[in-house]
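See structure below.
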Amino acid sequence: MLSRYMTITGLLLLIHLLNSCSKNEEKPTPADTTGYETVPVQKPITAGVIDEVSGIAPGYNNAGKLWAIEDSDRPNELGLLDPNGTLLKKVVLTGIVNRDWEDIATGPGPEAGVNYVYVAETGDNASVYNEYAIFRMKEPQSADVKVDAIDKIRFVYPDGSHDAEAIILDPSTKDLYVITKRDAKSKLYKLSYPYKVNESQTLTFITDLPYNLVTAANISEDGKEILVRTYGLIYYYTVANGKSIGEVLSGSFKNLQHQSEPQGESICFAGDQSGFYTLSEKLFNAPVNLNFYAKKP
16 MLSRYMTITG
26 LLLLIHLLNS
36 CSKNEEKPTP
46 ADTTGYETVP
56 VQKPITAGVI
66 DEVSGIAPGY
76 NNAGKLWAIE
86 DSDRPNELGL
96 LDPNGTLLKK
106 VVLTGIVNRD
116 WEDIATGPGP
126 EAGVNYVYVA
136 ETGDNASVYN
146 EYAIFRMKEP
156 QSADVKVDAI
166 DKIRFVYPDG
176 SHDAEAIILD
186 PSTKDLYVIT
196 KRDAKSKLYK
206 LSYPYKVNES
216 QTLTFITDLP
226 YNLVTAANIS
236 EDGKEILVRT
246 YGLIYYYTVA
256 NGKSIGEVLS
266 GSFKNLQHQS
276 EPQGESICFA
286 GDQSGFYTLS
296 EKLFNAPVNL
306 NFYAKKP
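Anchor point for the sequence shown: position 53 equals 68 in this note's numbering, and the numbering is continuous, going up by one each time.
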């Protein structure tokens, strides 16, 4: 997240630096776009409704819809988006505060057959926090206006503070993975299931990734495809049978062509795996669209 209190000059300088960093990201060769359309179906997001989106994830109790979160200084709410870009409702998450929410995942949890939402309180622009958390709750139903039962999965890194904006929930093992943003190479950490909910735990370092500035990640419902995005690139991985997410992200990837966005911080597969979505935070007066890239037949 970019601080809304920056001067315009400082913000422009930071954007220049981020663009410079993006140019240094390792670009997979050759680029491969055969699996998904390169021109998205775009649906505008009304300005002022949900401007600071930092993460999106498919709804499973709410088929075809998307859950969205906003980052720091915004309300402790989940937004439910229609694929046409309309904000259908907001659900209040009681008893917790939005310190700096940066990503969201949906999938299995402790109760068999129940869908859960995971909200990552992992943002730390200045690397000043000692502890982080992922909030876990049962996915709200269509009539819910608030959620009271929320688990706080607290954790620390084994090597100090990090700013992270991406998590992945392994649908087969329920392990959680965290990907850092501002390191010279983004780092991948793992929290093995079952996690503790009443005391802090230490993540396990898995590997350095060959790029940085990661702003979001997602895995398909069947666990066979992974997307990792930065401000400028989308990395696509396929998951071979028997491979862990750590092994997959340590291996080869392809680059998916996509339309540039003002400040791309969100990505997720559609719940029915018919394609994937991207969504940007609002930057200055640039219009923001919900982009859908359909899977090719």
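Just so it is clear, CB atoms sit at the ideal spot from N, CA and C, and this is done for glycine as well. Just so you know, these numbers come straight off a predicted model, no measurement behind them.
Comparing alpha-carbon positions, the option among Asp159, Gln274, Ile194 and Ser289 lying closest to Gln57 turns out to be Gln274.
With fewer than 16 other beta carbons inside 10 angstroms of its own, Gly63 counts as exposed.
When Gln216, Phe268 and Glu67 are compared, the shortest CA-CA separation from Asp115 is found for Glu67.
Non-local beta-carbon contacts of Asn145 in its own chain, meaning distances under 8 Å to residues more than five positions away in sequence, involve Val171 and Ser176 in chain order.
By the neighbour-count criterion, in which 16 or more other beta carbons inside 10 Å mark a residue as buried, Asn113 falls on the buried side. The DSSP-derived three-state label of Glu236 is coil. CA-CA distance, Ala72 to Leu81, rounds to 6 Å. Glu262 counts as exposed, since fewer than 16 other C-beta atoms from the protein chains shown sit within 10 angstroms of its C-beta. The region 259 to 303 is shown to contain whole alpha helix (DSSP H) runs of 4 or more residues at 260 to 264, in chain order. Residue state for Glu92 is assigned as strand, using DSSP reduced to three classes. Between Gly70 and Ala285 the beta-carbon gap is near 16 Å, outside 8 Å, which marks them as no contact.
Under the DSSP assignment, Ile182 falls in the beta strand (DSSP E) whose first and last residues are Ala179 to Leu184. Distance from the CA of Leu305 to the CA of Tyr250, rounded to the nearest whole angstrom, comes to 19 Å.
In terms of CA proximity to Pro277, Gly247 leads the group Ser289, Lys310, Pro155 and Gly247. Residue pairing by DSSP places Pro59 opposite Asn304 in a beta bridge. A straight-line Cα-Cα distance of about 15 Å links Asp97 and Ile282. Listed in chain order, the alpha helix (DSSP H) runs fully inside the region 168 to 228 amount to none, counting runs of at least 4 residues.
Looking only at Val160, Lys189 and Ala148, the smallest Cα-Cα distance to Ser215 is reached by Ala148. Beta-bridge pairing by DSSP links Pro73 to Leu81.
Within its own chain, the residues whose Cβ lies closer than 7 Å to the Cβ of Phe268, once the five positions on either side in sequence are excluded, are Pro43, Tyr250, Tyr251 and Tyr252, listed in chain order. When Cβ pairs closer than 8 Å are counted between the two stretches, the region 193 to 201 is seen to touch the region 218 to 237, the count reaching three or more. Short of 6 Å from the beta carbon of Gly128, and not among the five residues preceding or following it, lies no beta carbon of its own chain.
DSSP lists Tyr131 as the bridge partner or partners of Gly122.
Taking the Cα positions, Thr53 is about 7 Å away from Tyr308. Within the model, the alpha-carbon separation for Asp159 versus Asn77 is close to 11 Å. Checking the DSSP bridge columns, you'll see Asp166 partnered with Arg151. Around the Cβ of Asn91, a 10 Å sphere holds 16 or more other Cβ atoms; the residue is buried. Distances from the CA of Glu236 to each of Tyr51, Tyr226 and Tyr75 were compared; the closest alpha carbon is that of Tyr75.
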